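Asks: Take this structure, written in structure tokens, and hold onto it; I'll ask about it next.
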Amino acid sequence: MKNFQIIKALSPDTAVSSLNKETSAMFIAGGTNLVDLMKKNVAAPDKLVDITALDLKKIEFLRGKVTIGALAKNSQVAEDTSIKEKYPLLALALAAGASQQIRHMATVGGNMLQRTRCSYFYNTDMPCNKRVPKSGCGAIGGSNRMHAIFGASDSCIAVHPSDMCVALAALDATVLVEGPKGKREIKFTDFHRLPGNTPEKDTTLANKELITSIEIPDNNFTKNVHYLKIRDRSSYAFALVSVAVGLELKNNTIHDVRLAMGGVAHKPWRLTEAEEFLKGKTISETVFKQAADLAMKGARSYGDNDFKLTLGPNAIIEALTIAASK
Amino acid sequence: MAAKKTNPNKAAADELNSRRDFIKKSGLFTALALTPPSLVMASENKWDEKIAEYLETVPLSIEVNGTKHNLNVEPRTTLLDLLREQLQLTGTKKGCDHGQCGACTVHVNGTRILSCLSLASMQQNAQVTTIEGLSKGKKLHPMQEAFIKNDGFQCGYCTPGQIMSGIACIKEGHANSREEIREYMSGNICRCGAYHNIVDAITEVKEGGMLS
Numbered sequence: 063m064k065n066f067q068i069i070k071a072l073s074p075d076t077a078v079s080s081l082n083k084e085t086s087a088m089f090i091a092g093g094t095n096l097v098d099l100m101k102k103n104v105a106a107p108d109k110l111v112d113i114t115a116l117d118l119k120k121i122e123f124l125r126g127k128v129t130i131g132a133l134a135k136n137s138q139v140a141e142d143t144s145i146k147e148k149y150p151l152l153a154l155a156l157a158a159g160a161s162q163q164i165r166h167m168a169t170v171g172g173n174m175l176q177r178t179r180c181s182y183f184y185n186t187d188m189p190c191n192k193r194v195p196k197s198g199c200g201a202i203g204g205s206n207r208m209h210a211i212f213g214a215s216d217s218c219i220a221v222h223p224s225d226m227c228v229a230l231a232a233l234d235a236t237v238l239v240e241g242p243k244g245k246r247e248i249k250f251t252d253f254h255r256l257p258g259n260t261p262e263k264d265t266t267l268a269n270k271e272l273i274t275s276i277e278i279p280d281n282n283f284t285k286n287v288h289y290l291k292i293r294d295r296s297s298y299a300f301a302l303v304s305v306a307v308g309l310e311l312k313n314n315t316i317h318d319v320r321l322a323m324g325g326v327a328h329k330p331w332r333l334t335e336a337e338e339f340l341k342g343k344t345i346s347e348t349v350f351k352q353a354a355d356l357a358m359k360g361a362r363s364y365g366d367n368d369f370k371l372t373l374g375p376n377a378i379i380e381a382l383t384i385a386a387s388k
Numbered sequence: 409m410a411a412k413k414t415n416p417n418k419a420a421a422d423e424l425n426s427r428r429d430f431i432k433k434s435g436l437f438t439a440l441a442l443t444p445p446s447l448v449m450a451s452e453n454k455w456d457e458k459i460a461e462y463l464e465t466v467p468l469s470i471e472v473n474g475t476k477h478n479l480n481v482e483p484r485t486t487l488l489d490l491l492r493e494q495l496q497l498t499g500t501k502k503g504c505d506h507g508q509c510g511a512c513t514v515h516v517n518g519t520r521i522l523s524c525l526s527l528a529s530m531q532q533n534a535q536v537t538t539i540e541g542l543s544k545g546k547k548l549h550p551m552q553e554a555f556i557k558n559d560g561f562q563c564g565y566c567t568p569g570q571i572m573s574g575i576a577c578i579k580e581g582h583a584n585s586r587e588e589i590r591e592y593m594s595g596n597i598c599r600c601g602a603y604h605n606i607v608d609a610i611t612e613v614k615e616g617g618m619l620s
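From first to last, the protein sequence lines stand for chains A and B.
In the numbering used here, each residue carries its 1-based index in the first sequence increased by 62.
In the numbering used here, each residue carries its 1-based index in the second sequence increased by 408.
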């Protein structure tokens, strides 16, 4: 690993301003992804701004919403009694991600900013438009078993690896950020972006902006929820396909529903069309299958990941069935 | 050959410090004496300071297994490398070095974490417990005893990480069934496949109430 300078920020203000002066400086919190990327020479900052001393670790239940500090640990959120009770989908998704050691280290903000695990992105001997713009995409025509079936481009077919983010997309979360130009809010589903011609940009976060917290509005998805994660081993692996489901049922009729997928796109993939279709319907295998078919509209595979075109709808049906039966 | 009893890290740090001073001073002298255009540019970009920063170490106070250490570390040194290379605590193992195997699991302020993905320079005043810190004199920790009794290992390389993780698994309240133990121990890979016996060992310690 290239050596670097490290400084500790004591307020969000100073964190942002100390980054502002540098061209190749980055924030560091849990470090579970960044340190790994630095070891692989995929990231090589001259300076790290350690933000772990900032007062951004609290989980606060306010009127109509919960605010989760960007530095709250993944395990802290996953095991919070009130989160489990009021936002169980988030707790389930977090518990499905990484290992307990990593969840103890990784923060909510860092989870959102983790990079893709595409093997071409990680291997500096390979072309990758995300790592080196205009160098080509090794995954198109290469090994692409883990890769996207929605929203990909000729530049990049990588997927966002987070489980937590799939639940946050489903739950209509908002991201609160602070930067050189002040504070602003970003709708969670607008936070991550599709690759287009600029896959080097994972998010809509502006240069030098710092995530300070996320907010989730209260909802009624407290009982019939499920996070289904399909992976190569039963724990501690990234999703081939995952599905987050929240159902609000009234006598077997779907009053409200949230559906999002992971492992299928450059961002958490919200299934709004399928949601609209399901609203007002009575739960049945046929209805779930129709919703899954709608969700898969526009899906496209790249060879090794052809199986996702079948696994995807099956996972949606399974997740809906499990959520409905809870 | 007899091992020399010098501290290689202190020597390295001294060397770095003197090199840094040299670069800083020589940069300044040349810039003042000659100031040709190229050096003026270099001076404006603060290259001499930038080079000095690369060679810099940061002071670190850290407590490991009850012993306080005041050290100088490069910002890029991981907690794992600090333990193994600077403190000669080689019980904590380097497996994958990328957070995928759990062999490097240690407790920091009572929580299990991966030392290979932790920068030592970010562990100011931390209290670290490694496998070496578990026994009381010659009396092994109950989890160590249980691993021996249940054959919780074959080659033993992942064992320090498994034991540190197993203790945490019980303390966190995630050892209530074999399934739960497997899920919450999934960050510790055993290539010999001793998983069944590892779960036996953790279950035995949990049921024996030996950590309460």
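Where is the CB? At the ideal position from N, CA and C, for every residue including glycine.
If you're wondering where the values come from, they're calculated on a predicted model, not measured in any experiment.
Contact defined as beta carbons within less than 8 Å: I believe A:GLU310 pairs with A:ASN282. What is the distance between those atoms, to the nearest angstrom?
Replies: Within the first sequence, residue 310 of chain A is the residue found at index 248, counting from 1. Within the first sequence, residue 282 of chain A is the residue found at index 220, counting from 1. That belief holds up - the Cβ atoms of A:GLU310 and A:ASN282 are roughly 5 Å apart, short of 8 Å.
Asks: Helix, strand or coil for A:ASP318, going by three-state DSSP, please let me know.
Replies: For the purposes of this step, residue 318 of chain A is taken as residue 256 along the first sequence, with counting starting at 1. A:ASP318 falls in the strand class under three-state DSSP.
Asks: Check the Cβ of B:THR519 against every Cβ in chain A and list those closer than 8 Å, keeping chain order.
Replies: Sequence index remark: in the second sequence, residue 519 of chain B carries index 111 (1-based). Ordered by position in chain A, the residues that pass the 8 Å Cβ test against B:THR519 are HIS166.
Asks: From B:MET618 to B:ILE610, what distance separates their C-alpha atoms?
Replies: As a position in the second sequence, residue 618 of chain B is number 210, starting the count at 1. As a position in the second sequence, residue 610 of chain B is number 202, starting the count at 1. Distance between the alpha carbons of B:MET618 and B:ILE610 is about 10 Å.
Asks: Less than 8 Å separating the beta-carbons of A:ALA201 and A:CYS180?
Replies: Along the first sequence, one-based indexing puts residue 201 of chain A at 139. Along the first sequence, one-based indexing puts residue 180 of chain A at 118. Yes, Cβ-Cβ distance for A:ALA201 and A:CYS180 is below 8 Å.
Asks: At which residues does the beta strand (DSSP E) containing A:PHE123 begin and terminate?
Replies: As a working mapping, residue 123 of chain A is identified with position 61 in the first sequence. Per DSSP, A:PHE123 belongs to the beta strand (DSSP E) from 121-124.
Asks: Pick helix, strand or coil for A:ALA381, following the three-state DSSP scheme.
Replies: Reading the first sequence from its first residue, position 319 is the one you call residue 381 of chain A. In this structure, A:ALA381 counts as helix in the three-state DSSP scheme.
Asks: Please go through the same chain and pick out, in chain order, the residues whose beta-carbon is closer than 7 Å to the beta-carbon of B:LEU490, but skip the five residues on each side of it.
Replies: Within the second sequence, residue 490 of chain B is the residue found at index 82, counting from 1. Closer than 7 Å at the Cβ level, and outside the excluded window around B:LEU490, lie VAL481 and ALA528.
Asks: Less than 8 Å between CB atoms is the rule here; does B:HIS506 satisfy it with respect to chain A?
Replies: As a working mapping, residue 506 of chain B is identified with position 98 in the second sequence. B:HIS506 has a beta carbon lying within less than 8 Å of a beta carbon in chain A.
Asks: Please report the straight-line C-alpha distance between B:CYS598 and A:ASN314, rounded to a whole angstrom.
Replies: Residue numbering aside, residue 598 of chain B sits at position 190 when the second sequence is read from its first letter. Residue numbering aside, residue 314 of chain A sits at position 252 when the first sequence is read from its first letter. Roughly 45 Å between the two C-alpha positions.
Asks: Can you tell me whether DSSP reads A:PRO257 as helix, strand or coil?
Replies: Indexing the first sequence from 1 puts residue 257 of chain A at position 195. In this structure, A:PRO257 counts as coil in the three-state DSSP scheme.
Asks: Residues of chain B with CB under 9 Å from A:VAL104, in chain order?
Replies: Within the first sequence, numbered from 1, the residue matching residue 104 of chain A stands at position 42. Those within 9 Å of A:VAL104 in chain B number zero; the least Cβ separation is about 12 Å.
Asks: How about the segment 273-291 of chain A and the segment 147-156 of chain A: do they share at least three Cβ pairs that are nearer than 8 Å?
Replies: Yes, since at least three Cβ pairs between the segment 273-291 of chain A and the segment 147-156 of chain A fall closer than 8 Å, the two stretches touch.
Asks: Give the C-beta separation of A:ALA357 and A:LEU333 to the nearest angstrom, bearing in mind that I take them to be a contact with Cβ-Cβ under 8 Å.
Replies: Along the first sequence, read from residue 1 onward, the residue named residue 357 of chain A stands at position 295. Along the first sequence, read from residue 1 onward, the residue named residue 333 of chain A stands at position 271. The pair is a contact, with the Cβ atoms about 4 Å apart (cut-off 8 Å).
Asks: With a CB to CB cut of under 6 Å and the five nearest residues on each side skipped, what residues in its chain are close to B:GLY503?
Replies: Locating residue 503 of chain B in the second sequence gives position 95, counting from the first residue. CYS509 and ALA511.
Asks: Would A:GLU271 be called buried (16 or more neighbouring beta carbons within 10 Å of its own) or exposed?
Replies: For this step, residue 271 of chain A is matched to residue 209 along the first sequence. Per the 10 Å Cβ criterion, buried.
Asks: Determine whether the beta carbon atoms of A:LYS102 and A:PRO279 lie at a separation below 8 Å.
Replies: Here residue 102 of chain A refers to the residue found at position 40 when the first sequence is read from its first residue. Here residue 279 of chain A refers to the residue found at position 217 when the first sequence is read from its first residue. No, Cβ-Cβ distance for A:LYS102 and A:PRO279 is not below 8 Å.
Asks: Can you give the beta carbon distance from A:PRO195 to A:GLU262, rounded, assuming they're within the 8 Å contact cut?
Replies: Here residue 195 of chain A refers to the residue found at position 133 when the first sequence is read from its first residue. Here residue 262 of chain A refers to the residue found at position 200 when the first sequence is read from its first residue. With 8 Å as the limit, A:PRO195 and A:GLU262 qualify as a contact, their Cβ atoms being about 5 Å apart.
Asks: Quick check: the Cα distance between A:SER215 and B:LEU495, rounded to an integer number of angstroms?
Replies: Walking along the first sequence from the start, residue 215 of chain A turns up at place 153. Walking along the second sequence from the start, residue 495 of chain B turns up at place 87. Their Cα atoms are separated by approximately 49 Å.
Asks: Under 8 Å, Cβ to Cβ, is there at least one residue of chain B near A:GLY131?
Replies: Start at 1 with the first residue of the first sequence, and residue 131 of chain A comes out as number 69. Not an interface residue.
Asks: What are the residues of the segment 482-501 of chain B that lie near chain A, defined by any Cβ-Cβ distance shorter than 8 Å?
Replies: GLU482, PRO483, ARG484 and THR486
Asks: From which residue to which residue does the alpha helix (DSSP H) around A:GLN138 run?
Replies: Within the first sequence, numbered from 1, the residue matching residue 138 of chain A stands at position 76. A:GLN138 -> alpha helix (DSSP H) spans 136-140.
Asks: Do the CB positions of A:TYR184 and A:GLY204 come within less than 8 Å of each other?
Replies: On the first sequence, position 122 is the one that residue 184 of chain A refers to. On the first sequence, position 142 is the one that residue 204 of chain A refers to. Their beta carbons are not under 8 Å apart, which means A:TYR184 does not touch A:GLY204 by this criterion.
Asks: Going by alpha carbons, who is nearest to A:PRO74 out of A:VAL349, A:PHE369, A:LYS243 and A:ILE316?
Replies: Position 12 of the first sequence, counted from the first residue, corresponds to residue 74 of chain A. Nearest C-alpha to A:PRO74: A:LYS243.
Asks: Taking only runs that begin and end inside the segment 224-297 of chain A, name each unbroken alpha helix (DSSP H) of 4 or more residues, in chain order.
Replies: 226-232 and 250-253
Asks: When burial is assigned at 16 or more other CB atoms within 10 Å of the CB, is B:ALA587 buried or exposed?
Replies: The residue labelled residue 587 of chain B in the question sits at position 179 within the second sequence. In the sequence on display, residue 587 of chain B carries Glu and not Ala. With fewer than 16 other Cβ atoms within 10 Å, it is exposed.
Asks: Using 8 Å as the threshold, is the C-beta distance between A:ILE219 and A:ALA210 below it?
Replies: By one-based count along the first sequence, residue 219 of chain A stands at place 157. By one-based count along the first sequence, residue 210 of chain A stands at place 148. Yes, the pair counts as a contact, with Cβ atoms nearer than the cut-off.
Asks: Does DSSP put A:ALA301 in a helix, a strand or coil?
Replies: In the first sequence, counting from the first residue as 1, residue 301 of chain A sits at position 239. The answer is coil: DSSP assigns A:ALA301 none of H, G, I, E or B.
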